[in-house]
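Just so we're aligned: 309 in my numbering is position 283 of the sequence shown, and the numbers increase by one with no gaps anywhere.
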Amino acid sequence: MKRKVALACVAAASAVALGVAGTAAAHSAGNKDYDGFIKQSHRQPKNVILFIGDGMGTQEITAARYYQGVANKLNVDRMPFTGFDTTWSVKPNAAEPYLPDYDPDSASTGTMWATGQKTIDERISQGPSSALNVPGANLTTVLELAQRRGMKVGDVSTAEITDATPAVLASHISLRGCQGPADMANCALETKAAGGLGSIAEQEIDHKIDVMLGGGRNRFAQTIPGGPDAGKTLVQVAQERGYQYVTDAAGLAGVADSKKPVLGLFAGGNMSLEWSGPTAALGKGNTPVACTEDVRPANEPSLADLTGKAISLLENKKGFFLQVEGASIDKQDHATNACGQLGETVAFDRAIGVALDYQRTHPDTLIVVTADHSHTSQIVSEDASGSGLPTGYSTNVVTKDGQTLTLTYGTAGFGGAGAAPVTAPASQQHTGAVVPVWAIGPRGLGVLGTNDHTDLFHVLLG
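Okay, here's the thing in structure tokens:
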């Protein structure tokens with residue numbers, strides 16, 4: 027599917043209709059800030075901000091919305107253009123045709139919006155091939171195109187900055203696990219010693235990304251084994267190339283020089299969670315409790331802080347491209363940690379709010395929000411009857427409305443002939459449903475309707 031002439035015609039017709047009905051709806055909803063957004067929608071954006079809620083399918087965003095109180099709207103609900111994207115990846119094969127894989131991972135889906143191409147799971151901005159251990163062709167990314175246009179570029183994540191979603195922008199490698207120079211055993215043909223581009227971390231430094239903020243300090247502390255930088259850590263190499271290096275919230279706040287690149291690594295692995303609470307239990311779950319909020323250590327910046335700082339450092343006359351990932355929505359979905367998942371979704375939405383505030387005074391900025399793939403959590407009925415429903419791993423949380431919200435996880439743990447284990451397995455699985463897409467600003471109309479994640483590449487930079 028391509029967002030080309032047909033979509034342009036539909037979008038134009040929609041714009042006419044929305045110019046009346048949509049503006050009226052915006053007034054009735056109190057969204058007067060966005061009067062005239064149709065007029066702006068066909069222009070080329072100067073700045074592009076892409077938000078990725080990892081694993082944030084319709085159930086996850088709805089759960090966060092409900093937890094905050096049904097009368098309240100999230101920041102993402104202020105965005106006027108909405109649609110859905112399919113996210114299927116492809117299976118390995120020696121040549122076309124590549125058959126669809128309906129339940130993708132973050133590497134293949136990230137490659138879709140980053141390059142406009144389908145690939146196999148585990149692969150980072152390379153095309154498909156006959157097997158995981160056979161590298162594919164390197165694919166040009168949206169970040170690389172932005173750099174060619176003279177734009178500044180940024181990559182922000184609450185995961186390790188070498189994790190799959192941030193990695194797709196500035197690295198090309200056959201396996202997502204090859205994150206640092208000490209992690210290359212399964213990518214031996216792609217090491218710098220073998221004539222390749224090196225690990226994900228090495229490639230990110232080599233790409234001279236203007237702003238990189240997230241976790242993953244341990245990857246950059248690894249020593250490079252060979253070549254001109256042998257014996258040095260990646261942090262040392264980055265600093266030699268002019269990077270300002272910070273490791274905590276105070277250090278980030280103190281960065282004032284926007285002419286030099288910034289590397290901020292705020293945790294050894296993934297960054298800390300915002301909320302905590304009980305993990306899911308088989309059957310009806312726990313006695314309902316409110317989540318414990320604000321548990322993130324004070325020395326770690328929030329995703330909203332990271333977003334605001336990145337925007338301020340990237341702003342320039344030629345424009346910028348910035349990707350921001352709320353990574354642990356997915357990670358806590360895997361872990362059946364409802365409060366962790368909810369807190370990360372709310373924190374992600376706060377970061378969106380920071381960007382929307384910027385967009386109000388910079389209407390030449392396109393903001394797109396989406397997920398890489400759907401996930402396992404489901405909103406189900408509370409087990410008030412005592413009948414044993416639901417049958418998955420469940421958590422009951424008390425919302426801001428004082429009501430019980432039950433989230434159930436059931437995509438792992440029921441294999442074999444025996445009964446399901448009382449304790450949930452270590453990792454639930456993704457699901458293959460379409461993901462929501464929201465947009466505001468120039469070219470935001472491009473997300474309307476049902477499309478594919480590869481089409482998003484064409485919306486981002488035109």
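Even glycine gets a Cβ: it sits at the ideal position worked out from N, Cα and C.
Within the same chain, and ignoring the five residues on either side of GLY206 in sequence, the residues whose Cβ sits closer than 6 angstroms to its Cβ are SER225, ALA227, ARG245 and GLN248. Around the beta carbon of LYS344, fewer than 16 other beta carbons lie within 10 angstroms, which makes this residue exposed. Secondary structure note for GLU86: its alpha helix (DSSP H) is the uninterrupted segment 84 to 93.
Under the three-state reduction of DSSP output, LYS344 falls in the coil class, being neither helix nor strand. The C-beta distance from GLU300 to ALA373 rounds to 5 angstroms, short enough to fall under 8 angstroms. Judged by beta-carbon spacing, LEU76 lies beyond the 8 angstroms limit of GLN455, meaning their Cβ atoms are not closer than that value.
Contact between the stretch 137 to 152 and the stretch 305 to 321 is not established, with fewer than three Cβ pairs separated by less than 8 angstroms. Taking a C-beta distance under 8 angstroms as the contact criterion, THR402 and THR437 qualify as a contact pair. By the C-beta density criterion, ASP147 is buried, having at least 16 other C-beta atoms within 10 angstroms. Between GLY79 and ILE355 a beta carbon distance of about 5 angstroms is seen, short of the 8 angstroms cut, so the two are scored as contacting. Around ASP427, the same chain offers GLY95 and VAL96 as residues with beta carbons nearer than 7 angstroms, after the five sequence neighbours per side are excluded. Straight across, the Cα-Cα distance linking GLY241 with GLU326 is about 10 angstroms.
The three-state secondary structure of VAL281, taken from DSSP, is coil.
Taking C-beta atoms as the reference points, VAL272 and VAL263 fail to come closer than 8 angstroms. In chain order, SER298 and GLU300 place their CB closer than 6 angstroms to the CB of ARG322, counting only its own chain and leaving out the 5 sequence neighbours on each side. Distance between ASP236 and GLN265, taken at the CA atoms: about 13 angstroms.
Of all C-beta pairs linking the stretch 109 to 122 to the stretch 181 to 197, fewer than three are shorter than 8 angstroms, placing the two stretches out of contact. Runs of the beta strand (DSSP E) lying entirely within the stretch 232 to 262 and spanning at least 3 residues, in chain order: 237 to 241. In the structure shown, LEU329 falls within a helical segment according to DSSP collapsed to helix, strand and coil.
One Cα belongs to ASP481, the other to ALA465, and the distance between them is close to 14 angstroms. Burial check for GLN358: the Cβ neighbour count within 10 Å reaches 16 or more, so the residue is buried.
For TYR435, there is no enclosing alpha helix (DSSP H); the enclosing beta strand (DSSP E) has its first and last residue at 430 to 435. When the Cα atoms are used, SER132 and ILE87 turn out to be separated by approximately 18 angstroms. Only residues of its own chain outside the window of five on either side were considered, and among them MET210, CYS213 and SER225 have a CB closer than 6 angstroms to the CB of CYS204, listed in chain order. Excluding sequence positions up to five before and after THR425, its CB lies within less than 7 angstroms of the CB of TYR92, TYR93, GLY95 and LEU431, all in the same chain and listed in chain order.
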